[in-house]
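A.B. asks: Just passing along the structure, written as structure tokens.
2 protein chains.
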Amino acid sequence: MLVKQGKEKKWFRAVWRQNSTVKMIDQRLLPKKFKIISLKNHKQTVKAIENMAVRGAGSIGATAAFGAMQAVLEAKPKNFKQFIERAFYRLRHTRPTAHDLFWAIERIDFAIQEKNPRKAKISAIKEAEKISSEYCERGKKIGKHGEKLLKNGTRMLTHCNAGWLALLDWGSALAPVYAAKRNGKIVFVFVDETRPRLQGAKLTAWELANEGIPHRIIADNAAGYYMSEGKIDLCIVGADRIAANGDTANKIGTYEKAVLAKENSIPFYVAAPTSTFDPNTKNGKKIVIEERPEREVLFIGKQRIAPKKSRAFNVAFDVTKAKYIKGIITEKGIIKPKKKAIKRLF
Amino acid sequence: MLVKQGKEKKWFRAVWRQNSTVKMIDQRLLPKKFKIISLKNHKQTVKAIENMAVRGAGSIGATAAFGAMQAVLEAKPKNFKQFIERAFYRLRHTRPTAHDLFWAIERIDFAIQEKNPRKAKISAIKEAEKISSEYCERGKKIGKHGEKLLKNGTRMLTHCNAGWLALLDWGSALAPVYAAKRNGKIVFVFVDETRPRLQGAKLTAWELANEGIPHRIIADNAAGYYMSEGKIDLCIVGADRIAANGDTANKIGTYEKAVLAKENSIPFYVAAPTSTFDPNTKNGKKIVIEERPEREVLFIGKQRIAPKKSRAFNVAFDVTKAKYIKGIITEKGIIKPKKKAIKRLF
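Take a look at the structure:
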């Protein structure tokens, strides 16, 4: 997407490749600072996923693909397979919940199978680039399909960040809003701030401000109030993993908003590319939920908000059962969160 | 309640009187700093309510009573009535939602009616002290009644701060936990951090740490997750105003937790002294909800978290309809949130 930089606008993806270097917008610094970081080898790329310089299912997927590619490029002929296997293992163990991570590594792995080092390297670059372009293409299509749900004047709620920062370009939950804007419709977005990491207040608000889309940030506690007051017409959120039955893991708090939407008869949609679907996971109960450091709750920035003796629980995702979801917006169209409809995608 | 201060423990109420000075714990500085402030006249007391050095329905009520008392003491015989009327007007316009504020001023007003200045001053002091002692007594009784809901090992969720800081002594939602502790039962408390002002992470956690009660702070987004995982046995929250039909205004986010509790078949209780009931307000729709500065959402401390161009909505309370509330714990016992049961209280 285009990013305002002073008086100019420049085109950026959230993550991209420059020869064997992975480049990305450091998402930990936004909205204060727009900074590009360069990751010169797969170990640096592993770290960038772990420390959340990059986040968002699709952007994690693309980064993992590029990281896997870097490992292939770095591998010496002598212990080629072993080196790659170890690197892929490290990449797979960065974050447990986002399905795209595993899916992207799998694709690179498949692309280099049975190939000699020279051919494997060429294939790895090609496949990583392909994955990356597919994400952009899929985001654009999600926007096209999802836009049908939005009228001029629609007031939408979103949670966390499922914009282009989370999916290289366009995004998932926000892609329909961007598509609507390009077609002359104005959508108003309620932005959940999304504690503890504040991806809503920091990243979604930054994206929307950059695009000139009207929005307001609200405390996560306030979404229910605005729903009950009839001020929210629909909800669209992203996803980190969608099970075979439509149960969806997404940023902590998504389940709360889905229950509140149901209680207030507001349609609740999930937007995600097919790479986020995990047909091998039967239902939401089987999804591994990442627990993150207590520090994210006890501190804001460097400032401790909690008493010294108090501790926290910090679970990063929750599961929203399919029954709360009206539809899933994919690049192949809007589908019901049902086993059969999901099977038909593949 | 007793507060640890170094190696000693000292007894404090959240707000108290010393001659014509109002003293209070500055709740904006906790948990970092335990500081007592002195308010020498009613104008300073008005400011302390406005700037939230004191908050919590009961503590606001007691502060308003003391502020009204100060006005009576400050009034010169010449324009006695006029001065007091103006002062009461200012006090009533500090914060709109908490019923105790209006109720306490009304009591002082009634106590001084038809009295000459000398007698009015004596009555004002007596009545303010009485209101203050009643809050402490009521909190203790709420604890006694509410304790019946808690077993050894009960895991309870609370929102915002409805402890002794909010009701001079004992508290409302936390009083049952303190009573249980004194009877040898250990209750585990999930503490919603309660954005935007973080009264949970800052004040409730501080109270619980001070009492040695096991607890963990969670992001407001995570309450639903722990409910759905079967890790929360019941919820108790405070109240700012309870309408004649049991609809309850309380800190923003209370409604969300109540809906989630219902969805997960978890009993949801409100704890409040009878002074928080407003029999003249028919139902929740008639309750005035305070909107507070956007800054509370856009900044944390002095640090702006949101993009410069982004704005916020910041509604401070929401209304939880009676249908979501299993019971209201008052100093007169636990009642159903029904018109008849509420009428019987008065």
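So the protein lines, in turn, are chains A and B. To get the working numbering, take the position in the first sequence, counting from 1, and add 208. To get the working numbering, take the position in the second sequence, counting from 1, and add 208. Ideal Cβ positions, reconstructed from N, Cα and C, are used throughout, including at glycine.
Closer than 7 Å by beta-carbon distance: list the chain A residues that pair up with B/VAL523, in chain order.
C.D. replies: The contacting residues are ALA430, TYR433.
A.B. asks: Whose C-beta lies closer than 8 Å to the C-beta of A/ASN391 among residues of the same chain, with five residues either side of it excluded?
C.D. replies: Cβ neighbours of A/ASN391 beyond the five flanking positions: GLU355.
A.B. asks: Got a sec, what are the start and stop residues for the alpha helix (DSSP H) B/PHE296 sits in?
C.D. replies: Per DSSP, B/PHE296 belongs to the alpha helix (DSSP H) from 288-300.
A.B. asks: Between the stretch 463-476 of chain B and the stretch 526-538 of chain B, are three or more C-beta pairs nearer than 8 Å?
C.D. replies: Output reads yes: the stretch 526-538 of chain B touches the stretch 463-476 of chain B.
A.B. asks: So, B/ASN360 versus B/LYS389, is the Cβ gap smaller than 8 Å?
C.D. replies: No, Cβ-Cβ distance for B/ASN360 and B/LYS389 is not below 8 Å.
A.B. asks: Rounded to a whole number of angstroms, what is the C-alpha to C-alpha distance between B/ARG424 and A/ILE508?
C.D. replies: Each residue's alpha carbon lies about 17 Å from the other.
A.B. asks: What does the Cβ neighbour count give for A/ASN418, buried or exposed, with the cut at 16 atoms within 10 Å?
C.D. replies: Classification of A/ASN418: buried, given that the 10 Å Cβ count is 16 or more.
A.B. asks: Candidates B/LEU416, B/TYR463, B/THR302, B/ALA409: which alpha carbon is nearest B/VAL254's?
C.D. replies: Comparing Cα-Cα distances from B/VAL254 to each of B/LEU416, B/TYR463, B/THR302, B/ALA409, the minimum goes to B/THR302.
A.B. asks: Hey, out of B/TRP219, B/ARG326, B/SER246, B/LYS241, whose CA is closest to B/MET232's CA?
C.D. replies: Out of B/TRP219, B/ARG326, B/SER246, B/LYS241, B/SER246 has the C-alpha closest to the C-alpha of B/MET232.
A.B. asks: Kindly list the residues whose CB is nearer than 6 Å to the CB of B/TRP372, restricted to its own chain and excluding five residues on each side of it in sequence; keep chain order.
C.D. replies: Excluding sequence neighbours, B/TRP372 sits near MET209, TRP378, GLY379.
A.B. asks: Report the start-end ranges of each beta strand (DSSP E) in the stretch 243-295 of chain A that is 3 residues or longer and not cut off at the edges.
C.D. replies: Correct list: 244-247.
A.B. asks: Between the alpha carbons of B/ILE542 and B/LYS348, how many angstroms are there, rounded?
C.D. replies: Answer to the nearest angstrom: the Cα atoms are 14 Å apart.
A.B. asks: Would A/GLN290 be called buried (16 or more neighbouring beta carbons within 10 Å of its own) or exposed?
C.D. replies: Exposed.
A.B. asks: Consider the Cβ of B/LEU382: report whether some Cβ of chain A lies at a distance smaller than 8 Å.
C.D. replies: Answer no: the Cβ-Cβ gap between B/LEU382 and chain A never drops below 8 Å.
A.B. asks: Since I believe B/ALA261 is in contact with B/ALA312 (beta carbons under 8 Å), could you give me their beta-carbon distance rounded to a whole number of angstroms?
C.D. replies: That belief does not hold up - the Cβ atoms of B/ALA312 and B/ALA261 are roughly 17 Å apart, past 8 Å.
A.B. asks: Three or more beta-carbon pairs under 8 Å between the stretch 473-482 of chain B and the stretch 492-512 of chain B, yes or no?
C.D. replies: No, because fewer than three Cβ pairs between the stretch 473-482 of chain B and the stretch 492-512 of chain B fall closer than 8 Å, the two stretches do not touch.
A.B. asks: Where B/PRO404 and B/VAL397 are concerned, what is the direct C-alpha to C-alpha distance, given to the nearest angstrom?
C.D. replies: Rounded to the nearest angstrom, the two C-alpha atoms are 20 Å apart.
A.B. asks: Please report how far the alpha carbon of A/LYS439 lies from the alpha carbon of A/TYR433, in whole angstroms.
C.D. replies: Distance between the alpha carbons of A/LYS439 and A/TYR433: 9 Å.
A.B. asks: From which residue to which residue does the beta strand (DSSP E) around B/GLU539 run?
C.D. replies: Taken as a continuous stretch (DSSP letters only), B/GLU539 belongs to no beta strand (DSSP E), as it is neither H nor E.
A.B. asks: Where are the alpha helix (DSSP H) runs, 4 residues long or more, that stay fully inside the stretch 420-466 of chain A, in chain order?
C.D. replies: Whole alpha helix (DSSP H) segments, 4+ residues: 431-436.
A.B. asks: Taking the alpha carbon of A/TYR463 as the point to measure from, which residue in B/GLN213, B/GLU322, B/ALA430 has its own alpha carbon closest?
C.D. replies: Among B/GLN213, B/GLU322, B/ALA430, the Cα nearest to that of A/TYR463 belongs to B/ALA430.
A.B. asks: Taking its Cβ as the centre, do 16 or more other Cβ atoms sit within 10 Å of B/PRO501, making it buried, or is it exposed?
C.D. replies: Exposed.
A.B. asks: Helix, strand or coil for A/LEU309 per DSSP?
C.D. replies: The answer is helix: DSSP assigns A/LEU309 an H, G or I state.
A.B. asks: Return the bridge partner residues of B/LYS212 from the DSSP annotation.
C.D. replies: B/LYS217, per the DSSP bridge assignment.
A.B. asks: Drop a sphere of 10 angstroms on the beta-carbon of A/ILE320, count the other beta-carbons inside from all chains shown, and report buried for 16 or more, exposed for fewer.
C.D. replies: So A/ILE320 ends up on the buried side.
A.B. asks: Between the stretch 235-243 of chain B and the stretch 408-416 of chain B, can you find at least three pairs of beta-carbon atoms closer than 8 Å?
C.D. replies: Touching, yes, given that three or more Cβ pairs across the two stretches are closer than 8 Å.
A.B. asks: Excluding five sequence neighbours on each side, which residues of the same chain lie with their C-beta closer than 6 Å to the C-beta of A/GLU337?
C.D. replies: Once the five neighbours on either side are set aside, A/GLU337 has no close Cβ partner at all.
A.B. asks: Ordered along the chain, which non-local residues of its own chain (more than five positions away) have a Cβ less than 7 Å from that of B/LYS323?
C.D. replies: SER331, listed in sequence order.
A.B. asks: Might you give, ordered along the chain, the residues of its own chain that have their beta carbon closer than 7 Å to the beta carbon of B/MET277, omitting 5 neighbours on each side?
C.D. replies: Counting only Cβ-Cβ distances below 7 Å, and skipping sequence neighbours, we find ILE316, ALA332, ILE333, ALA336.
A.B. asks: Tell me, which residues are paired with B/ALA479 by DSSP?
C.D. replies: In DSSP, B/ALA479 forms a bridge with B/ILE537.
A.B. asks: Could you compute how far the alpha carbon of B/LYS248 sits from the alpha carbon of B/TRP224?
C.D. replies: Computed Cα separation, rounded: 12 Å.
A.B. asks: If you compare alpha carbons, which of A/GLU437, A/THR305, A/ASP441 is closest to A/LEU357?
C.D. replies: Considering only alpha carbons, the answer is A/ASP441.
A.B. asks: If you draw a straight line from the C-alpha of B/THR456 to the C-alpha of B/MET435, how long is it?
C.D. replies: Cα to Cα, B/THR456 sits roughly 21 Å from B/MET435.
A.B. asks: Taking the alpha carbon of A/ALA295 as the reference point, which residue from A/THR305, A/GLU314, A/ASP308 has its own alpha carbon closest?
C.D. replies: The candidate whose alpha carbon is nearest that of A/ALA295 is A/GLU314.
A.B. asks: Under the rule that 16 or more other beta-carbon atoms within 10 Å means buried, what is B/ASN227, buried or exposed?
C.D. replies: Counting Cβ neighbours within 10 Å, B/ASN227 comes out exposed, since fewer than 16 surround it.
A.B. asks: Have a look at B/ILE550 and B/PRO384 and give me their C-alpha separation to the nearest angstrom.
C.D. replies: Each residue's alpha carbon lies about 21 Å from the other.
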